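A.B. asks:
Residue numbers (full-length UniProt numbering): 1 to 398.
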């Protein structure tokens, strides 16, 4: 396992860094926070009644891997959404995807690969728990830049074959946080073939998969199953974004029976099971698609608003999925930090510097000249905020 010194090399988390960056700078208008990806749409109507009905079950220890009803609901959703036949033994519940993305690395990363220190591949920019998981298992963390030139997806195939031979895990987020890029079937097929050739696992973070613009993003586990390589992929999803339930902390992992069995063993020692009332609500949420369709329609409105307001600004790319805008900073303003301070001090808009979600590499920091903007508020609030953002950041820029 990793020494404490290894964790000391991790940079400060994004939001404390943002507070320090803006400390002492008063907002230039009524504050609007567009930093954190916390959905603000209404909860599904069934949540409160089910929670109330089962409130007494907080007095019982819940099953760690999930109740039969919840596992059956997740299995049913995987069948409807991805055409997958996944028996409950190949699923385990999680306290949100973040817990699974971390614990699964603990459960499955080897101490050595090809007689050497293993490597873990991480798209850059990325969800920060990936790097902490790599540090926890003492793996070499390899950040693979995902830029506009690569379609905002990491080009894992371009890496040195010797590095790929000692790779244990490759993380992939689709739709990507923060860029909103979707990994298509061709991309996934090539990545799965690469994983088979070099004997590594793919951790597919699909927590944004139900917020999409034109078509449902393909699932990595579904593509791998069709290829006869289901054991190459662990998929992760949750109710945070799909069902507007980030505080429920309810997700799941699905994959090969052997890998899920190892994760279940680890979680039986170290993972907190979901309380039974939460599992009851979760089962209802995975069984119901209507609320997810309604939720997605609200994001479609905000995609259209963003396209209308920002569509003519230089470098703007409309996201294929998820609920973030990944906006380039005009060169005359500087980098993402400069843009964030300008937006706050002049327009009262709070967003996140792209560099806080990425790392420096030999090719540079792919987030340095970007900002991330979360489209989680109402359509009306979003329109007003993006108008202020455009006027402050892009007025007169061509």
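C-beta atoms are modelled at their ideal positions from N, C-alpha and C, and glycine is treated no differently.
Bear in mind the structure is a predicted one, so any value in this text is a computation, not a measurement.
Could you compute how far the alpha carbon of residue 284 sits from the alpha carbon of residue 55?
C.D. replies: Here residue 284 corresponds to residue number 284 of the chain shown, with the count starting at 1. Here residue 55 corresponds to residue number 55 of the chain shown, with the count starting at 1. Looking at the two C-alpha atoms, the distance is approximately 15 Å.
A.B. asks: To the nearest whole angstrom, what separates the beta carbons of residue 268 and residue 251, a pair I think is in contact under 8 Å?
C.D. replies: As a first step, residue 268 is located in the chain shown; it is residue number 268 there, counting from the start. As a first step, residue 251 is located in the chain shown; it is residue number 251 there, counting from the start. Wrong, their Cβ atoms sit about 17 Å apart, outside the cutoff.
A.B. asks: Any idea which residues DSSP pairs residue 205 with across the strands?
C.D. replies: In the chain shown, counting from the first residue as 1, residue 205 sits at position 205. Residue 205 is bridged to 173 and 236.
A.B. asks: Taking only the alpha-carbon atoms, compute the straight-line gap between residue 29 and residue 348 and give it to the nearest angstrom.
C.D. replies: Within the chain shown, the letter at position 29 stands for residue 29. Within the chain shown, the letter at position 348 stands for residue 348. If you take the alpha carbons of residue 29 and residue 348, they lie about 4 Å apart.
A.B. asks: For the segment 242-280, list the alpha helix (DSSP H) runs that are entirely contained and at least 4 residues long, ordered along the chain.
C.D. replies: Counting only runs of 4 or more, we get 257-270.
A.B. asks: Quick check on the burial criterion: 16 or more other C-beta atoms within 10 angstroms. Buried or exposed for residue 400?
C.D. replies: The first residue shown for the chain is 1 and the last is 398, placing residue 400 beyond what the model contains.
A.B. asks: Who are the Cβ neighbours of residue 358 in its own chain at under 6 Å, not counting the five residues just before and after it?
C.D. replies: Walking along the chain shown from the start, residue 358 turns up at place 358. Closer than 6 Å at Cβ, skipping near neighbours: 124, 125, 365, 366 and 367.
A.B. asks: Express the C-alpha separation of residue 331 and residue 86 in angstroms, rounding to a whole number.
C.D. replies: The sequence position of residue 86 within the chain shown is 86, counting from 1. The sequence position of residue 331 within the chain shown is 331, counting from 1. Approximately 49 Å, taken between the alpha carbons.
A.B. asks: Which whole runs of the alpha helix (DSSP H) in the segment 318-390 are 4 residues long or more, in chain order?
C.D. replies: List check, alpha helix (DSSP H) in window: 336-342.
A.B. asks: If you draw a straight line from the C-alpha of residue 2 to the C-alpha of residue 10, how long is it?
C.D. replies: In the chain shown, the residue the question calls residue 2 occupies position 2. In the chain shown, the residue the question calls residue 10 occupies position 10. With a pLDDT of 47 at residue 2, under the threshold of 50, the predicted position of this residue should be treated as unreliable, though the coordinate-derived value follows. Taking the straight line from one Cα to the other gives about 12 Å.
A.B. asks: Residue 72 and residue 88: beta carbons closer than 8 Å?
C.D. replies: Within the chain shown, residue 72 is the residue found at index 72, counting from 1. Within the chain shown, residue 88 is the residue found at index 88, counting from 1. Yes.
A.B. asks: Compute the Euclidean distance between the alpha carbons of residue 113 and residue 165, then round it to the nearest angstrom.
C.D. replies: Here residue 113 corresponds to residue number 113 of the chain shown, with the count starting at 1. Here residue 165 corresponds to residue number 165 of the chain shown, with the count starting at 1. For residue 113 and residue 165, the distance between alpha carbons rounds to 8 Å.
A.B. asks: Any chance the CB of residue 173 is under 7 Å from a heavy atom of the ligand FAD?
C.D. replies: As far as ligands go, the structure on display features none, and thus does not contain the ligand FAD.
A.B. asks: Are residue 70 and residue 350 close, meaning C-beta to C-beta below 8 Å?
C.D. replies: In the chain shown, residue 70 corresponds to position 70, counting from 1. In the chain shown, residue 350 corresponds to position 350, counting from 1. No, Cβ-Cβ distance for residue 70 and residue 350 is not below 8 Å.
A.B. asks: Could you name the residues that DSSP lists as bridge partners for residue 143?
C.D. replies: Your numbering for residue 143 matches position 143 in the chain shown. Answer by DSSP bridge pairing, in chain order: 122.
A.B. asks: Going by beta-carbon coordinates alone, are residue 51 and residue 277 separated by less than 8 Å?
C.D. replies: Taking the chain shown and counting its residues from 1, one reaches residue 51 at position 51. Taking the chain shown and counting its residues from 1, one reaches residue 277 at position 277. A contact, by the Cβ cut-off of 8 Å.
A.B. asks: Assign residue 240 to buried or exposed, taking buried as 16 or more other Cβ atoms, counted over all protein chains shown, within 10 Å of its Cβ.
C.D. replies: On the chain shown, position 240 is the one that residue 240 refers to. Buried: at least 16 other Cβ atoms inside 10 Å.
A.B. asks: In its own chain, which residues sit with a C-beta less than 6 Å from the C-beta of residue 356, not counting the 5 before and 5 after it?
C.D. replies: Reading the chain shown from its first residue, position 356 is the one you call residue 356. Hits under 6 Å: 14 and 17.
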